[in-house]
Amino acid sequence: MNFSEFNFESSLQEGLDAMGFEKPTPVQEQAIPVILEGKDIIACAQTGTGKTAAFILPVLNKIAQSGGGKLDTLVLAPTRELAIQIDQQIQGFAYFVGISSIPIYGGGDGVIWEQQKRALEQGAEIVVATPGRLIALLAGGKIKLDTLKHLILDEADRMLDMGFSDDLLTIVNYLPKDRQTILFSATMPPKIRTFSKKLLNNNPEEISLAVGKTAEGVTQSAYLVYDAQKEDLTRHILKQKDYEAVIIFASTKEKVKSLYKALKKDIEVEAFHSDLEQVEREQIMSRFKNRALKVLIGTDIISRGIDVVGIELVINFDTPNDPEDYVHRVGRTARADSQGEAITFINDKDRHKFNRIEALIGMEIEKLSLPEGYPEGPSYGSTATSKPRHKGNSKHKTKGNSQYKNPEKAERSPKPRARQNVKEIPSSNNIESKEQATSIKPRQNPKIERSPEFQEKPKNSKFGSRKNVID
DNA sequence: AAAAAAG
Numbered sequence: 006m007n008f009s010e011f012n013f014e015s016s017l018q019e020g021l022d023a024m025g026f027e028k029p030t031p032v033q034e035q036a037i038p039v040i041l042e043g044k045d046i047i048a049c050a051q052t053g054t055g056k057t058a059a060f061i062l063p064v065l066n067k068i069a070q071s072g073g074g075k076l077d078t079l080v081l082a083p084t085r086e087l088a089i090q091i092d093q094q095i096q097g098f099a100y101f102v103g104i105s106s107i108p109i110y111g112g113g114d115g116v117i118w119e120q121q122k123r124a125l126e127q128g129a130e131i132v133v134a135t136p137g138r139l140i141a142l143l144a145g146g147k148i149k150l151d152t153l154k155h156l157i158l159d160e161a162d163r164m165l166d167m168g169f170s171d172d173l174l175t176i177v178n179y180l181p182k183d184r185q186t187i188l189f190s191a192t193m194p195p196k197i198r199t200f201s202k203k204l205l206n207n208n209p210e211e212i213s214l215a216v217g218k219t220a221e222g223v224t225q226s227a228y229l230v231y232d233a234q235k236e237d238l239t240r241h242i243l244k245q246k247d248y249e250a251v252i253i254f255a256s257t258k259e260k261v262k263s264l265y266k267a268l269k270k271d272i273e274v275e276a277f278h279s280d281l282e283q284v285e286r287e288q289i290m291s292r293f294k295n296r297a298l299k300v301l302i303g304t305d306i307i308s309r310g311i312d313v314v315g316i317e318l319v320i321n322f323d324t325p326n327d328p329e330d331y332v333h334r335v336g337r338t339a340r341a342d343s344q345g346e347a348i349t350f351i352n353d354k355d356r357h358k359f360n361r362i363e364a365l366i367g368m369e370i371e372k373l374s375l376p377e378g379y380p381e382g383p384s385y386g387s388t389a390t391s392k393p394r395h396k397g398n399s400k401h402k403t404k405g406n407s408q409y410k411n412p413e414k415a416e417r418s419p420k421p422r423a424r425q426n427v428k429e430i431p432s433s434n435n436i437e438s439k440e441q442a443t444s445i446k447p448r449q450n451p452k453i454e455r456s457p458e459f460q461e462k463p464k465n466s467k468f469g470s471r472k473n474v475i476d
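So the mapping is simple: the working numbering equals the position in the first sequence, first residue as 1, plus 5.
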């Protein structure tokens, strides 16, 4: 299969040639003909599969055929970063067909707001938006969507999880009934099905690609640790290699902030979460994408979709609450067939969460022994307060990052251990006392200082020779 | 149970 078989307009095909796009990914191969036909579509596909190109290429082709000049397509995304990124990718393709796209999202201190208003006045065929700001614009009559032909919902499951259901219905009320609706979702829970009935026409085409799978190029492993050991272990891991691009995920904004404060003393890191100013978010993301920043600590705001080429290591400082989030976090690495590493910290309370993750991805992830000199972490198969639990899922092991691998521990089936009743690390333990000392330090101002050299604009991806697996 | 998104 080759892109040329879709019979795109010559300008679009030339663009694809110029960008080095030859073979469509599976989701592109399945979705593009359906969208070209004009049918509504529900596509179950994960990030990293080339989703953006899958929906935008056929849409661009249709706009090019119609001559453009009118607002034609609305793309909705759950986070601002995702909206920005989708817009940039669209611009990369749209350039070749003389079509324009603008991003619409909140935050930004009025500056971004002004830019967005100006862009809207100039007009564009495609708008990529987060729901809140778009509704504000619609309500204020600043944007008209009555010429719209295509509605695309990206990460629909996430948007519903985030409580956007009502917002989406509000937006849809502003749209013509006679339109094509394209829904992408990483998962297909009943909630999405019910919801899609409200937005899509009677007989949408459904396509589904492998879901809940982590990329093959990712070496996954985990440590059983006490919370007090996590920070030190993070430092240890970061020292093992001269990593160029690492994301550390923590489960709350407060955890992200406190880990940031602790690590920034001797490592150049930034924190990424929704409490930051939008300009800071964009600057940090830009630095990270440009490799000016090597280590980023973030909440799940950056777990989905964010495409940074060449992330070598993902550390799950906290076990993700939602098994789907594990797949998404880990999916930040090993993109576009590259290699990557994912290490998850599991504390005593997170064991059941991790079991659910292993069930979702259908394999057991190797539990590594803590490095030399570290006190023993919690045991996996039992808790201090309950009877030892059997761990049924003794499936095949993943290949290990054998750096700290203790074969004896990795291979044996978990069983109650001599130390299993130790609830916390003994107070004589060095790590424990050191960690506690850091954790009771007074809060610092969460505002981040920026030096002027980091004020550069995001890199334009327009002419980048990016592969078609970005989304 | 927490994350994000409109001020």
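Yeah, the Cβ is synthetic: ideal placement off N, Cα and C, and Gly gets one too.
* **C-alpha distance - Ile107 paired with Leu125, whole-angstrom precision** => Position 102 of the first sequence holds residue 107. Position 120 of the first sequence holds residue 125. Looking at the two C-alpha atoms, the distance is approximately 8 Å.
* To do: Please check the pair Gly222 and Gly336, which I expect to be a contact at CB under 8 Å, by giving their CB distance rounded to whole angstroms.
  => Here residue 222 refers to the residue found at position 217 when the first sequence is read from its first residue. Here residue 336 refers to the residue found at position 331 when the first sequence is read from its first residue. Gly222 to Gly336, Cβ: 11 Å. No contact.
* Asked: Is it buried or exposed for Asn1, if we count other Cβ within 10 angstroms and need 16 for buried?
  -> This structure cannot settle anything about residue 1, because the visible part of the chain is limited to 6 through 476.
* Reduced DSSP category for Arg108 - H, G, I as helix; E, B as strand; rest coil -> Here the question's residue 108 lines up with position 103 in the first sequence. The sequence given here places Pro at residue 108; Arg does not occur at that position. Reduced to three states, the DSSP call for Pro108 is strand.
* Round the Cβ separation of Ile252 and Ile306 to the nearest angstrom and send it over; I've been treating them as touching at under 8 Å. => Here residue 252 refers to the residue found at position 247 when the first sequence is read from its first residue. Here residue 306 refers to the residue found at position 301 when the first sequence is read from its first residue. That belief does not hold up - the Cβ atoms of Ile252 and Ile306 are roughly 11 Å apart, past 8 Å.
* For Pro209, count neighbouring Cβ atoms within 10 angstroms of its own Cβ and tell me buried if that reaches 16, exposed if not. => Residue mapping note: residue 209 aligns to position 204 of the first sequence, counting from 1. Label assigned to Pro209: buried.
* **Proximal residues to Met6 (C-beta, below 8 Å), its chain only, five neighbours per side dropped** => Reading the first sequence from its first residue, position 1 is the one you call residue 6. Here the set comprises Lys28, Pro29 and Glu34.
* Buried or exposed: which applies to Arg296, given that a residue is buried once 16 or more other Cβ atoms fall within 10 Å of its Cβ? -> As a working mapping, residue 296 is identified with position 291 in the first sequence. With fewer than 16 Cβ atoms within 10 Å of its Cβ, Arg296 is classed as exposed.
* Asked: What's the C-alpha gap between Ser201 and Val132?
  -> As a position in the first sequence, residue 201 is number 196, starting the count at 1. As a position in the first sequence, residue 132 is number 127, starting the count at 1. Taking the straight line from one Cα to the other gives about 21 Å.
* **Which of helix, strand or coil DSSP assigns to Leu264** => Start at 1 with the first residue of the first sequence, and residue 264 comes out as number 259. Residue state, collapsed to three classes: helix.
* Evaluate the contact criterion for the region 257-273 versus the region 58-65: three or more CB pairs, one atom per stretch, below 8 Å. => no
* **Presumed contact (8 Å Cβ cut-off) between Pro328 and Arg334, rounded CB distance** => Here residue 328 is taken as the residue at index 323 of the first sequence, counted from 1. Here residue 334 is taken as the residue at index 329 of the first sequence, counted from 1. Pro328 to Arg334, Cβ: 11 Å. No contact.
* Three-state secondary structure (DSSP) of Glu75 -> On the first sequence, residue 75 is found 70 positions in, with the first residue counted as 1. Just to set this straight, residue 75 is Lys in the shown sequence, not Glu. Coil, per DSSP.
* Alpha-carbon spacing of Ser170 relative to Lys260, whole angstroms -> For this step, residue 170 is matched to residue 165 along the first sequence. For this step, residue 260 is matched to residue 255 along the first sequence. Rounded to whole angstroms, Ser170 to Lys260 spans 28 Å at the Cα level.
* On the premise that Ile302 lies in contact with Leu87, defined as a C-beta separation below 8 Å, what is that separation, rounded to the nearest angstrom? -> Along the first sequence, one-based indexing puts residue 87 at 82. Along the first sequence, one-based indexing puts residue 302 at 297. About 19 Å separates the two Cβ atoms, so there is no contact after all.
* To do: Check whether the region 180-190 touches the region 133-143, counting contact only when three or more Cβ pairs, one atom from each stretch, lie closer than 8 Å.
  => no
* Assign His278 to one of two classes, buried (16 or more other C-beta atoms within 10 Å of its C-beta) or exposed (fewer than that). => Counting from 1 along the first sequence, the entry for residue 278 is found at position 273. By the neighbour-count rule (16 or more Cβ atoms within 10 Å), His278 is buried.
* If Pro194 sits next to Asp162, beta carbons under 8 Å apart, how far is it from one beta carbon to the other, in whole angstroms? -> Indexing the first sequence from 1 puts residue 194 at position 189. Indexing the first sequence from 1 puts residue 162 at position 157. Sure, about 7 Å apart at Cβ, within 8 Å.
* **Neighbour-count burial assignment, Pro181, 16 or more Cβ in a 10 Å radius** => Residue numbering aside, residue 181 sits at position 176 when the first sequence is read from its first letter. Pro181 should be labelled exposed.
* Asked: So what does DSSP say about Thr186, is it helix, strand or coil?
  -> Within the first sequence, residue 186 is the residue found at index 181, counting from 1. Three-state result, Thr186: strand.
* Among Ile117, Ala58 and Glu19, the one whose alpha carbon lies nearest that of Ala36 -> The sequence position of residue 36 within the first sequence is 31, counting from 1. Cα-wise, what sits closest to Ala36 is Ala58.
* To do: Would you kindly report the start and end of the unbroken beta strand (DSSP E) that includes Asn208?
  => Reading the first sequence from its first residue, position 203 is the one you call residue 208. Neither: Asn208 is in no beta strand (DSSP E) and is coded neither H nor E.
* Asked: Buried or exposed: Asp22, going by 16 or more other Cβ atoms within 10 Å of its Cβ?
  -> Start at 1 with the first residue of the first sequence, and residue 22 comes out as number 17. With fewer than 16 Cβ atoms within 10 Å of its Cβ, Asp22 is classed as exposed.
* Count the other C-beta atoms from every protein chain shown that fall within 10 angstroms of the C-beta of His155, then say buried if there are 16 or more, exposed otherwise. => Stepping through the first sequence from its first residue, residue 155 is reached at position 150. With 16 or more Cβ atoms within 10 Å of its Cβ, His155 is classed as buried.
* Asked: Asn207: buried (16+ other C-beta within 10 angstroms of its C-beta) or exposed?
  -> Taking the first residue of the first sequence as position 1, residue 207 is located at position 202. Looking at its Cβ environment, which holds fewer than 16 other Cβ atoms inside 10 Å, Asn207 is exposed.
* Asked: From Ala347 to Lys244, what distance separates their C-alpha atoms?
  -> Walking along the first sequence from the start, residue 347 turns up at place 342. Walking along the first sequence from the start, residue 244 turns up at place 239. Going by the C-alpha atoms only, they are around 15 Å apart.
* To do: Mind listing, in chain order, the continuous beta strand (DSSP E) runs of no fewer than 3 residues lying wholly within the region 317-354?
  => 318-321 and 345-351
* Secondary structure at Thr224, three-state DSSP: helix, strand or coil? -> The residue labelled residue 224 in the question sits at position 219 within the first sequence. Note: Thr224 maps to strand in three-state DSSP.
* **Nearest residue (CA-CA) to Pro31, options Leu214, Leu281, Val284 and Arg340** => Start at 1 with the first residue of the first sequence, and residue 31 comes out as number 26. Measuring from the Cα of Pro31, the nearest candidate turns out to be Leu214.
* Cα-Cα separation, Lys354 to Asn321 -> On the first sequence, residue 354 is found 349 positions in, with the first residue counted as 1. On the first sequence, residue 321 is found 316 positions in, with the first residue counted as 1. Distance between the alpha carbons of Lys354 and Asn321 is about 15 Å.
* Compute the Euclidean distance between the alpha carbons of Glu486 and Lys294, then round it to the nearest angstrom. => Any answer about residue 486 is impossible in this case: the structure gives the chain only from 6 up to 476.
* Range covered by the beta strand (DSSP E) that runs through Leu158 -> Here residue 158 is taken as the residue at index 153 of the first sequence, counted from 1. Per DSSP, Leu158 belongs to the beta strand (DSSP E) from His155 to Leu158.
* **Nearest neighbour of Glu160, chosen from Asp237, Gln18, Arg356 and Ser308 [CA to CA]** => Within the first sequence, residue 160 is the residue found at index 155, counting from 1. Among Asp237, Gln18, Arg356 and Ser308, the Cα nearest to that of Glu160 is on Ser308.
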